[in-house]
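Quick note, the sequence shown lines up with residues 75 to 507 if you use our numbering.
Quick reminder that beta carbons are idealized off the backbone N, C-alpha and C, glycines included.
Since this is a predicted model, take the numbers as computed values, not measurements.
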Amino acid sequence: MGKAERIQGVRGMNDVLPDDEPWWQRFEDAVAAVMRAYGYRRIRTPIVEPTPLFVRGIGEVTDIVEKEMYSFTDALNGEALTLRPECTAGVVRAVIEHNLLYDGPKRLWYDGPMFRHERPQKGRYRQFHQVGAEAMGFAGPDADAEVILLGKRLWDELGLTGVALEINSLGQAGERNAHRAALIAHFDAHAEQLDADARRRLHTNPLRILDTKNPAMQALVEAAPRLDQFLGAESQAHFAGVQQLLDARGVAYRINPRLVRGLDYYNLTVFEWVTDDGLTICGGGRYDPLIAMLGGNAAPACGFAIGVERVLERMRRTHPDEAGARCDVYVVHMGGAALGPALQVAERMRDVGLAVILHCGGGSFKSQFKRADASGARFAVIAGEEELARGEVSMKWLRAPGGPGASRQETVALDALADRVVGALLAADNEGI
75 MGKAERIQGV
85 RGMNDVLPDD
95 EPWWQRFEDA
105 VAAVMRAYGY
115 RRIRTPIVEP
125 TPLFVRGIGE
135 VTDIVEKEMY
145 SFTDALNGEA
155 LTLRPECTAG
165 VVRAVIEHNL
175 LYDGPKRLWY
185 DGPMFRHERP
195 QKGRYRQFHQ
205 VGAEAMGFAG
215 PDADAEVILL
225 GKRLWDELGL
235 TGVALEINSL
245 GQAGERNAHR
255 AALIAHFDAH
265 AEQLDADARR
275 RLHTNPLRIL
285 DTKNPAMQAL
295 VEAAPRLDQF
305 LGAESQAHFA
315 GVQQLLDARG
325 VAYRINPRLV
335 RGLDYYNLTV
345 FEWVTDDGLT
355 ICGGGRYDPL
365 IAMLGGNAAP
375 ACGFAIGVER
385 VLERMRRTHP
395 DEAGARCDVY
405 VVHMGGAALG
415 PALQVAERMR
425 DVGLAVILHC
435 GGGSFKSQFK
445 RADASGARFA
455 VIAGEEELAR
465 GEVSMKWLRA
475 PGGPGASRQE
485 TVALDALADR
495 VVGALLAADN
505 EGI
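The following block contains the structure:
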């Protein structure tokens with residue numbers, strides 16, 4: 075029988091390997107802490123949703139619905155289903171279905187995988203992950219400012235640098251319709267300069283033309299009517315309120331009159347956090363129409379979504395030498411009669427919260443110490459038969475204070491071992507070792 079054919083993962087849907095996991099864990103821990111600090115509660119929605127949820131919520135004439143959704147028909151009941159391409163629509167669906175706004179506004183957050191059939195490239199995958207915050211039932215500019223401040227606090231917690239805030243106002247539907255008509259007239263008058271994608275969008279979603287990356291169209295886009303020229307007094311006041319709150323906190327931002335959102339349900343404030351190399355790591359804004367569009371009682375809402383893979387890439391670039399999660403202790407032993415006591419030694423240290431690897435698979439002390447060093451542990455505990463018989467073990471620094479060559483070893487009573495290791499680790503951490 076020949077060798078079985080190797081099965082590869084789906085293109086654009088990536089494994090998170092153990093060496094990468096510490097970055098994910100650090101990010102997820104920071105997100106949970108910041109969300110808790112702002113009073114946001116976690117909601118988990120299904121990965122698969124009814125296809126009409128996204129067609130109605132995102133809009134039929136969008137790249138997501140037209141070209142990118144993973145949609146299929148359930149063979150068992152004929153239901154049209156889709157792997158979620160974003161999560162806001164699903165959160166709104168859950169809020170409506172479970173009547174979560176019956177007793178007042180809600181602050182919610184989510185995380186998890188999303189799916190879009192795009193050409194895989196760095197920072198853009200077919201299975202990607204997002205973290206989002208949704209403030210539902212809040213109409214004022216204070217909620218808009220809060221979700222922006224939440225994002226800034228997260229970047230600060232992660233130590234990200236080179237991230238800038240851009241904001242704009244999309245106004246209300248009537249104002250956008252007037253602007254839309256002016257855009258169509260402008261681009262229609264210069265139809266010969268439009269590329270195929272812009273011509274396709276001209277009468278369906280002309281706002282997206284403003285997002286074009288085509289250099290040949292930049293002058294035409296710059297000359298297009300600006301939305302802020304069509305904003306009424308209420309929309310202007312709302313946007314001014316957001317700016318005042320950001321100014322009060324000393325948050326730097328740039329008003330980008332060409333900033334739009336690709337989804338149909340946004341209104342008033344929109345914003346993006348953009349890196350100094352032009353990558354958007356977070357986008358959001360206000361989406362007051364969406365709850366009613368999906369069948370609920372009309373209610374205001376705003377929020378954002380963070381592209382997790384893009385943030386992780388930025389974290390690696392900002393702190394390339396930052397150590398990942400380390401094992402505290404590696405227990406070395408010669409097996410046989412020492413195995414049982416060595417296991418008990420490891421369990422005692424785990425009882426006080428230490429991360430401990432107990433050597434498995436035999437081998438000489440030399441080979442075991444190689445594995446101990448490769449594990450990233452700061453200590454090795456040597457459980458020899460003679461020492462164990464005396465109620466003792468040896469404790470050896472693998473990454474000793476003082477750097478290479480400063481390795482130390484001492485004999486410790488079994489009953490005092492856990493406390494001794496914890497104390498040594500705390501002392502080393504306090505000294506920044």
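CA-to-CA distance, residue j to residue i, given in whole angstroms
| i | j | result |
| --- | --- | --- |
| residue 297 | residue 260 | 9 Å |
| residue 329 | residue 240 | 6 Å |
| residue 109 | residue 224 | 8 Å |
| residue 448 | residue 195 | 32 Å |
| residue 238 | residue 222 | 11 Å |
| residue 490 | residue 443 | 23 Å |
| residue 82 | residue 190 | 19 Å |
| residue 90 | residue 106 | 20 Å |
| residue 88 | residue 205 | 18 Å |
| residue 484 | residue 469 | 5 Å |
| residue 147 | residue 123 | 12 Å |
| residue 263 | residue 314 | 33 Å |
| residue 500 | residue 80 | 47 Å |
| residue 473 | residue 454 | 10 Å |
| residue 405 | residue 497 | 18 Å |
For residue i: DSSP bridge partner residues
| i | result |
| --- | --- |
| residue 241 | 329 and 345 |
| residue 468 | 456 and 485 |
| residue 155 | 124 and 146 |
Residue i and residue j closer than 8 Å at C-beta
| i | j | result |
| --- | --- | --- |
| residue 164 | residue 158 | yes |
| residue 419 | residue 467 | yes |
| residue 302 | residue 243 | yes |
| residue 192 | residue 209 | no |
| residue 169 | residue 175 | yes |
| residue 402 | residue 445 | no |
| residue 218 | residue 323 | no |
Where the alpha helix (DSSP H) containing residue i begins and where it ends
| i | result |
| --- | --- |
| residue 255 | 247–262 |
| residue 370 | Premise fails: residue 370 is in no alpha helix (DSSP H) and is neither H nor E. |
| residue 100 | 95–111 |
| residue 403 | Looking at the DSSP string, residue 403 is not in any alpha helix (DSSP H); the run it does join, the beta strand (DSSP E), is 403–407. |
| residue 447 | 439–448 |
| residue 181 | Here residue 181 belongs to no alpha helix (DSSP H); instead the beta strand (DSSP E) covers 180–189. |
| residue 293 | 292–296 |
| residue 392 | 382–392 |
| residue 272 | 270–275 |
| residue 169 | 162–171 |
Reduced DSSP category for residue i - H, G, I as helix; E, B as strand; rest coil
| i | result |
| --- | --- |
| residue 478 | Unreliable placement is indicated for residue 478, whose pLDDT of 46 sits below 50; the coordinate value is still reported in the next sentence. Of the three classes helix, strand and coil, the one that applies to residue 478 here is coil, per DSSP. |
| residue 117 | coil |
| residue 77 | coil |
| residue 421 | helix |
| residue 312 | helix |
| residue 219 | helix |
| residue 282 | helix |
Any non-hydrogen atom of the ligand COA closer than 7 Å to residue i Cβ
| i | result |
| --- | --- |
| residue 248 | With respect to the ligand COA, the structure offers nothing, as it holds no ligand at all. |
Residue interval of the beta strand (DSSP E) (run including residue i)
| i | result |
| --- | --- |
| residue 360 | 354–360 |
| residue 304 | Premise fails: residue 304 is in no beta strand (DSSP E) and is neither H nor E. |
| residue 209 | 201–210 |
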